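All residue numbers for the sequence shown refer to our numbering, where the first residue is 42 and numbers rise by one.
We put the CB at the ideal spot given by N, CA and C, even for glycine.
Note that the coordinates shown come from a computational prediction; the quantities given were computed from them, not determined experimentally.
See structure below.
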Amino acid sequence: MRSKICELLGIQYPIFQGGMAWIADASLAGAVSEAGGLGIIAGGNAPKEIVQAEIKKIKEITDKPFGVNIMLLSPFVQDIVDLVCEENVPVVTTGAGNPSKYMARFKEHNIKVIPVIPSVALGIRMEKIGADAVIVEGMEAGGHIGKLTTMCMVPQVVDALAIPVIAAGGIGDGRGMAAALMLGAQAVQVGTRFLVAKECTVHENYKARIIKARDIDTTVTCQHFGHPVRAIKNKLTNEYDRLEKIELRIDEPDLVKFDKLGQGALRKAVVEGDVTHGSIMAGQIAGLIKKEETAKEIIESYINETREIITAQYSQWL
Ligand SMILES: O=C(O)COc1ccc(-c2c[nH]c(CNC(=O)Nc3ncc(Sc4ccccn4)s3)n2)cc1
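The structure is reproduced here in structure tokens:
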């Protein structure tokens with residue numbers, strides 16, 4: 042199962058692992074790349090030396106292609122841009138903002154640049170300034186999200202752009218992957234399913250909450266204040282809801298309260314395992330995920346299920 046994206050990046054399978062902040066380290070990304078997908082190390086909000094250590098680790102784990110995700114809200118974004126150029130990182134994905142100001146620098150260093158886009162308009166702008174492909178991430182995804190769904194945004198971006206589209210958001214098995222390919226995507230990006238990969242180093246409490254999650258267990262906080270984020274409901278999201286109800290009634294809402302509530306929340310869940318007061322960022326597809334598997338088992342199940350659906354089941358509709 043090869044696509045233009047596989048040729049472009051030199052990967053065996055058209056499956057990216059999402060560069061999830063605080064979560065996507067060399068252990069997870071290295072295992073994904075070794076299994077034939079594109080492992081992606083998270084830049085997140087981390088300083089240069091932390092991300093540099095993960096890049097050096099992944100180069101020891103695999104000689105296959107890998108990527109680094111640059112989260113454009115990070116206070117260290119310029120340092121991470123310098124780092125991916127210095128370390129000859131082959132692929133960069135970007136999120137949570139517009140990477141236009143760094144694009145020339147990436148292209149000078151022959152880096153393949155694949156921005157996450159929340160709309161057709163930004164996709165058109167990214168194509169114009171030289172993006173190699175775009176990741177269309179629907180609001181079904183975990184973490185920081187846009188407003189459109191994967192099902193609606195993918196075909197519209199496919200029609201609007203000539204460069205390849207990678208679909209992300211709500212793709213939890215071969216059914217979602219087959220659907221994304223039918224919508225015109227050349228590959229998929231998977232986040233939530235890789236949270237329960239054996240090589241993922243998130244706290245076991247975090248993994249347990251994903252496995253236990255039902256379809257209705259995620260919610261979106263800060264829809265009106267700052268950056269909308271999807272996570273599993275807990276005391277933290279309840280506190281966000283309480284604050285939002287109060288601040289919505291005020292002419293000049295106090296955004297500092299929301300920043301304070303969110304500070305360190307993801308680390309609290311990922312590292313300390315505090316799934317009551319920490320932020321358990323996860324997508325709506327968490328309800329489909331029932332067990333921990335290796336990255337290799339996850340990737341092979343996506344590929345085998347997608348092949349089965351497109352060859353066997355698809356013909357019944359002809
Ligand atoms: O036109 C513009 O400037 C706006 O452009 C964009 C707006 C949004 C996006 C976007 C949405 N989703 C993504 C990719 N996904 C993500 O970036 N997911 C994330 N999860 C947790 C994160 S950590 C965080 C979260 C919020 C605040 C601070 N830190 S980042 N990019 C991309 C571009």
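Segment contact flag, the stretch 49-57 with the stretch 98-109, C-beta cutoff 8 Å, min 3 pairs: Three or more Cβ pairs closer than 8 Å define a contact, and the stretch 49-57 meets that threshold against the stretch 98-109.
Answer yes or no: do Glu178 and Val157 have a C-beta to C-beta separation smaller than 8 Å? Closer than 8 Å, so yes.
In the DSSP assignment, what residue or residues form a beta bridge with Glu334? Paired residues: Ala238.
According to the Cβ coordinates, are Asn86 and Ser44 closer than 8 Å? Contact: no.
Residues in its own chain within less than 8 Å of Met42 by CB, not counting five upstream and five downstream? Cβ contact annotation for Met42 (same chain, cutoff 8 Å, sequence separation greater than five): Tyr54, Pro55, Ile344, Thr347 and Arg348, in chain order.
Select from His265, Ala272 and Arg271 the residue whose C-alpha is nearest the C-alpha of Leu284. Leu284 has its Cα closest to that of His265, out of His265, Ala272 and Arg271.
Contact the stretch 288-296 vs the stretch 71-79: 3+ CB pairs below 8 Å: The stretch 288-296, when compared against the stretch 71-79, does not touch it at the 8 Å Cβ threshold.
Less than 7 Å between the CB of Ala62 and some heavy atom of ligand 1, yes or no? Checking every heavy atom of ligand 1 against the Cβ of Ala62, one is found closer than 7 Å.
DSSP beta-bridge partners for Pro156? According to DSSP, Pro156 bridges with Thr135.
Could you give the distance in angstroms between the alpha-carbon of Ile186 and the alpha-carbon of Gly210? Rounded to whole angstroms, the separation of the alpha carbons of Gly210 and Ile186 is 9 Å.
What are the boundary residues of the alpha helix (DSSP H) that includes Ala310? Element bounds for Ala310: Ala306 to Val311.
When the Cβ atoms of the stretch 323-338 are set against those of the stretch 225-237, are three or more pairs found closer than 8 Å? Using a Cβ-Cβ distance cut-off of 8 Å, the stretch 323-338 and the stretch 225-237 are in contact, since at least three pairs of beta carbons, one from each stretch, lie closer than that value.
Bridge partners - Asn110, DSSP secondary structure assignment: Ala83 and Thr134, per the DSSP bridge assignment.
Straight-line gap, Ile330 to Lys248 (C-alpha atoms, nearest Å): Cα to Cα, the separation comes out at about 10 Å.
Enclosing alpha helix (DSSP H) for Ile91 [first to last residue]: From DSSP, the alpha helix (DSSP H) with Ile91 extends over Lys89 to Ile102.
Just to check my reading of the structure: Ala226 and Val195 have Cβ atoms closer than 8 Å, yes? What is that Cβ distance to the nearest angstrom? The Cβ separation is near 6 Å, so the contact holds.
Can you find the residues in the same chain that come closer than 7 Å, C-beta to C-beta, to Cys167, ignoring five residues on each side of it along the sequence? Contrary to the premise, residue 167 reads as Met rather than Cys in this sequence. Excluding five sequence positions before and after Met167, the CB atoms of its chain that fall closer than 7 Å to its own CB belong to Pro156, Ile158 and Val175, given in chain order.
What separation, rounded to the nearest whole angstrom, lies between the Cα atoms of Gly314 and Gly84? Between Gly314 and Gly84, the alpha-carbon positions lie close to 21 Å from each other.
Continuous alpha helix (DSSP H) assignments of at least 4 residues falling wholly in the stretch 247-311: Within the stretch 247-311, the complete alpha helix (DSSP H) runs of at least 4 residues are 276-289, 296-303 and 306-311.
Residues near Leu69 in its chain [Cβ-Cβ closer than 8 Å; skip 5 each side]: Closer than 8 Å at Cβ, skipping near neighbours: Gln58, Gly80, Phe235, Ala238, Glu240, Cys241, Thr242 and Ala336.
Could you check whether the Cβ of Gly77 sits closer than 7 Å to any heavy atom belonging to ligand 1? Checking the Cβ of Gly77 against ligand 1 gives no.
To the nearest angstrom, report how far apart Cys47 and Tyr355 are at their CA atoms. Their backbone Cα atoms lie some 23 Å apart in a straight line.
Looking at ligand 2, does it come within less than 7 Å of Asn129, judged from the CB to the closest heavy atom? This structure lacks ligand 2; the ligands present are ligand 1.
For Val206, which of helix, strand or coil comes out of DSSP? Residue state, collapsed to three classes: strand.
Should Ala254 and Gly328 be called a contact, given that it needs their Cβ atoms to be closer than 8 Å? Closer than 8 Å, so yes.
Using the Cα positions of Gln119 and Leu113, report the straight-line distance between them to the nearest angstrom. Answer to the nearest angstrom: the Cα atoms are 9 Å apart.
Is Val157 near ligand 1, judged by its Cβ being under 7 Å from some heavy atom? True, at least one ligand heavy atom lies under 7 Å from that Cβ.
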